[in-house]
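The UniProt record's numbering numbers the first residue of the sequence shown as 1 and each following residue consecutively.
One structure is given here, and the rest of the page talks about it.
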Amino acid sequence: MEPTPSMTTLVQADKQMVEAIKDELRLIEEIVTKPSKPQLSPSSKQRWRATVRQIIFMEKAKEKVLQSHGAESIERLKNTTSLSLLCSLPQLNQLEPFELMALNQQVEYKEYRSNTIVCSGTIASDRVFIVRTGVLSVRTSNSAERLQYVSGDMLDANEMLTKEPTMTVLAHCTTECYHFPRSALNEYEHKLPTTPLSTNLYSVRYNDPESESFRKWAKETVNCLQYEATENINRMSPQAFLREILLTVSPELDLDHCIHCMAQSFIRLFQAKTVRFYLVNTSSTQFHTKFSNDEFQDLHTPTNFGIPGVVYTTNISFIATNAQFDTLTIDPLMYINCGSVMASPVVLASSQQIGGVWEIINSTDKVPYTRHEIQLLELAAQFTQPYLLQCGTVTRHLGSVSEVSNDLIIKPRIVRLCTKVIKITICAGLYHGDTLLVPLVTSPVIHGTLISSTIREFECLESLVFSCNVQSLPRGAHICISICGKNNQCLAQSKYFVFSFDHYFRLGTLYLALYPSLSLPVEYHECLLGEGHTHEEYVMVEMPTSSILLTYRSSNMTWVAPQSAYIPQPVLDAKQLGIIAAFKRNPLKTLTSEDRVFFWSYRANLLTTSAALMPFLLSVNWANRSDVTEAYKYLYLWSPPTALQALQLLSPKFADPFVRAYAVRCLDSLPDY
Numbered sequence: 001m002e003p004t005p006s007m008t009t010l011v012q013a014d015k016q017m018v019e020a021i022k023d024e025l026r027l028i029e030e031i032v033t034k035p036s037k038p039q040l041s042p043s044s045k046q047r048w049r050a051t052v053r054q055i056i057f058m059e060k061a062k063e064k065v066l067q068s069h070g071a072e073s074i075e076r077l078k079n080t081t082s083l084s085l086l087c088s089l090p091q092l093n094q095l096e097p098f099e100l101m102a103l104n105q106q107v108e109y110k111e112y113r114s115n116t117i118v119c120s121g122t123i124a125s126d127r128v129f130i131v132r133t134g135v136l137s138v139r140t141s142n143s144a145e146r147l148q149y150v151s152g153d154m155l156d157a158n159e160m161l162t163k164e165p166t167m168t169v170l171a172h173c174t175t176e177c178y179h180f181p182r183s184a185l186n187e188y189e190h191k192l193p194t195t196p197l198s199t200n201l202y203s204v205r206y207n208d209p210e211s212e213s214f215r216k217w218a219k220e221t222v223n224c225l226q227y228e229a230t231e232n233i234n235r236m237s238p239q240a241f242l243r244e245i246l247l248t249v250s251p252e253l254d255l256d257h258c259i260h261c262m263a264q265s266f267i268r269l270f271q272a273k274t275v276r277f278y279l280v281n282t283s284s285t286q287f288h289t290k291f292s293n294d295e296f297q298d299l300h301t302p303t304n305f306g307i308p309g310v311v312y313t314t315n316i317s318f319i320a321t322n323a324q325f326d327t328l329t330i331d332p333l334m335y336i337n338c339g340s341v342m343a344s345p346v347v348l349a350s351s352q353q354i355g356g357v358w359e360i361i362n363s364t365d366k367v368p369y370t371r372h373e374i375q376l377l378e379l380a381a382q383f384t385q386p387y388l389l390q391c392g393t394v395t396r397h398l399g400s401v402s403e404v405s406n407d408l409i410i411k412p413r414i415v416r417l418c419t420k421v422i423k424i425t426i427c428a429g430l431y432h433g434d435t436l437l438v439p440l441v442t443s444p445v446i447h448g449t450l451i452s453s454t455i456r457e458f459e460c461l462e463s464l465v466f467s468c469n470v471q472s473l474p475r476g477a478h479i480c481i482s483i484c485g486k487n488n489q490c491l492a493q494s495k496y497f498v499f500s501f502d503h504y505f506r507l508g509t510l511y512l513a514l515y516p517s518l519s520l521p522v523e524y525h526e527c528l529l530g531e532g533h534t535h536e537e538y539v540m541v542e543m544p545t546s547s548i549l550l551t552y553r554s555s556n557m558t559w560v561a562p563q564s565a566y567i568p569q570p571v572l573d574a575k576q577l578g579i580i581a582a583f584k585r586n587p588l589k590t591l592t593s594e595d596r597v598f599f600w601s602y603r604a605n606l607l608t609t610s611a612a613l614m615p616f617l618l619s620v621n622w623a624n625r626s627d628v629t630e631a632y633k634y635l636y637l638w639s640p641p642t643a644l645q646a647l648q649l650l651s652p653k654f655a656d657p658f659v660r661a662y663a664v665r666c667l668d669s670l671p672d673y
């Protein structure tokens, strides 16, 4: 199948990102398939984890599915019913369920061999075709170019013949199609899109403003990530496992939600009878059973007792069958009808001490767990690590940016660039999503020195001071460093998040790769280089220094969802109602300063209007911690968004991890149909 132009352009733009992700996935597979490897590094796979977390919902593009899952996807498509395809067609998304079922009564199935004429001016000219598997190729007499329709595409023969009478549609290979008479759609004309029916997902248009605004956003975001299929369908690959795990785990420090979501995933993926998570107390003397799907919730046991005690004492994972329990000091009531058990530690990054233990138990009628399952559990268990910071763990090596009142100062020391320009300036901007938080800061003119035939080195002696302090930085803030030449022309740029994916504030010296341009947030991590890197074009930046690690939230900080309470509801005037109506019609409407003031000031009045959630969040001053806390409170109280609105909250416009996690939860609560 030849890739579409849109797909080709996106893959070319993201080639380096995709290759890096593939390399990491291969590394994970190598580690997991080596039985001699005792356990995985707690700090590994951070970039892959965060990338999956933010973009997993955009993996549904059919080209990517076909590439990723190959024969398995083809087999699924062959079993796809006509009603399922009708329901999935964007051209028919306005039809009611009973209308789709009535249309389905007129659908017929047919298989075409390669090079068979499917329709032309004399053959099946009054039919509408839906491709189930294979490819339909459209030929015209006055053009050598062929338009192709693949799985899930709709083709209206009459519509295309009206535009080009000499058209012929051939089966490019063995192709399965559903078809029905065009007259069956006559009574639904008012519900069909304004664009031709013979279109694909890249060019379809909707009459519904909400669907159309989502289509524009999804078109920009889709196809950002590829997955590789496991060779053996009976053996789950690490990437497939983590994809399942991370579908619902939120990026913000919400321990209870993280544990609950991971436990539900473990129950499903490991076919577990019981899942428990033991949390080590601050004095490291007892386990607190933080989660258990049986009656042993909130149990307190010594850290040297039972299977969690074995893991805590040895600092390695544990796996055993029921027959091996005789040598262990355990409570037999906790392991009744247990077939096998495995447990894995969660190691704290700040102290390298065990902060918790996951325990997975299956029943006697299940196949005992093997080394493969325990290694997958080790890999997934480390995703709990950042969430343990809010548990009150005592450490002298951990602090919070909320205690740092100094201005944010960075110093770009050295720039190496392949350019003929001999003078540059360095421009730095602090952003939250696509919003500039403070004015840009620019260095004086810097003269370069030629150090090779193509590379010039520029040494900057000045620091760049942003007009904000460290404690006011939003969690999703990123810095864009642009290298500018004559007339402020951007020669290269680099971007990086101020906080790492483990919620730590970046400290010390950073080496950042320079690229012509960067657009997707998942590309920002590509800019971070190690000290021994081999990149020719880079910038060395000094971030603030600290004797302790700094997190976005302090270790004793907890968040409790506010309870619904009576909130005064003053009456809105006609102008204010008009502002709300405008955003209901077009959720992507640009906010004016007056709009921002309105949505923030009248937030209590808008709690029952789900369409107002996006403009409200865009009106928050994310550089003000009190405003951010207020926004979090209202996020819990707001009427849940629709599926399309929740997906739009994963747009780069909404950079705050708490908001993105809220969107993930809303999508997770939707049914699978």
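Using N, Cα and C, we set each Cβ at its ideal position, and we do this for glycine too.
Review point. Using the rule of at least 16 other Cβ atoms within 10 Å of the residue's Cβ for burial, across every protein chain shown, is E526 buried or exposed?
Key: buried
**Study point:** Rounded C-alpha distance that separates L650 from G121
**Key:** 46 Å
Check your understanding: Do I426 and P412 have their C-beta atoms closer together than 7 Å?
Key -> Between I426 and P412, the C-beta gap is smaller than 7 Å, which places the two residues in contact.
Exercise for review: Can you tell me the Cβ-Cβ gap for I483 and L514, rounded? I've got them flagged as a contact below 8 Å.
Suggested key: 7 Å
Check your understanding: Thinking just about the alpha-carbon of each residue, which of N322, I354 and T329 is nearest to the one in S283?
Key -> I354
Practice item. Whole angstroms is fine: what's the gap from Y112's alpha carbon to G134's? Key: 9 Å
Review point. Going along the chain, which residues of its own chain have a beta-carbon closer than 6 Å to the beta-carbon of Q94, five neighbours each way excluded?
Key: Correct list, in chain order: K191.
Practice item. Would you kindly report the start and end of the unbroken alpha helix (DSSP H) that includes D627? Key: R625 to L637
Point to revise | F180 versus A581: straight-line alpha-carbon distance, rounded | key: 39 Å
Exercise for review: Spatial neighbours of F129 within its chain, please: CB distance less than 6 Å, with the 5 preceding and 5 following residues excluded, ordered by chain position.
Suggested key: L155, C177 and H179
Check your understanding: By DSSP, does T608 sit in helix, in strand, or in coil?
Key -> coil
Practice item. Would you mind stating whether I330 and K273 have Cβ atoms separated by less than 7 Å? Key: no
Practice item. Throw me the rounded Cβ distance for the L170 and S137 pair, which I believe falls under 8 Å. Key: With a Cβ gap of about 5 Å, L170 and S137 count as contacting.
Point to revise | Beta-carbon contacts of E2 that lie in its chain and below 7 Å, excluding the five residues immediately before and after | key: Legend: pLDDT at E2 = 49, less than 50; position of this residue unreliable, no value from coordinates given.
Practice item. Quick one: grab the DSSP three-state call for W600. Key: helix
Point to revise | Three-way DSSP call (helix, strand, coil) for D331 in this model | key: coil
Review point. In terms of alpha-carbon separation, which member of V620, R625, E537 and Y634 lies closest to S610?
Key: Taking only the C-alpha atoms, the option nearest S610 is Y634.
Check your understanding: Where are the beta strand (DSSP E) runs, 3 residues long or more, that stay fully inside the segment 306-370, in chain order?
Key -> Counting only runs of 3 or more, we get 318-321, 338-347 and 354-363.
Check your understanding: Does DSSP classify S137 as helix, strand or coil?
Key -> strand
Exercise for review: With a threshold of 16 other CB atoms inside 10 Å of the CB of P615, please say whether the residue is buried or exposed.
Suggested key: The C-beta of P615 has 16 or more other C-beta atoms within 10 Å across all chains shown, which makes the residue buried.
Exercise for review: Give a yes or no on whether the C-beta atoms belonging to V404 and V470 are separated by under 7 Å.
Suggested key: yes
Point to revise | Chain-order list of residues whose beta-carbon lies under 7 Å from that of T303 (same chain, five-residue window excluded) | key: V280, S284, T285, Q286, F287, G309 and Y312
Review point. Within this structure, are the beta carbons of D407 and V465 separated by less than 7 Å?
Key: Yes.
Exercise for review: Please classify residue 693: does DSSP put it in a helix, a strand, or coil?
Suggested key: Given that the chain is displayed from residue 1 to residue 673, the structure contains no residue 693 and the question cannot be resolved.
Check your understanding: Is DSSP giving T166 helix, strand or coil here?
Key -> coil
**Study point:** Nonlocal neighbours in the same chain, by C-beta distance under 7 Å from E373, ignoring five residues either side
**Key:** F270 and M342
Point to revise | When R456, E531 and Y431 are compared against residue 730, the one with the closest alpha-carbon | key: Absent from the model: residue 730. The displayed extent of the chain is 1 to 673, so no value can be given.
Check your understanding: What number of angstroms, rounded off, separates the C-alpha of L174 from the C-alpha of C119?
Key -> It is Thr, not Leu, that sits at residue 174 in the sequence shown. The straight-line gap from Cα to Cα measures roughly 15 Å.
Exercise for review: Identify every residue that forms a DSSP beta bridge with S292.
Suggested key: R276
**Study point:** C-alpha distance - Y632 paired with P193, whole-angstrom precision
**Key:** If I take the Cα positions, the gap works out to 38 Å.
Point to revise | Limits of the beta strand (DSSP E) - the one that F458 falls within | key: Counted as a single uninterrupted DSSP element, the beta strand (DSSP E) harbouring F458 occupies residues I455 to E459.
Review point. When DSSP labels each residue in this structure, what does I579 get in the three-state scheme?
Key: Taken through DSSP and simplified to helix, strand or coil, I579 comes out as helix.
Review point. Any chance the CB of I316 is under 6 Å from a heavy atom of the ligand COA?
Key: Among the components of this structure there are no ligands whatsoever, and the ligand COA is therefore not found.
Check your understanding: Do you know offhand how far R660's Cα is from F654's?
Key -> So the two alpha carbons sit approximately 7 Å from each other.
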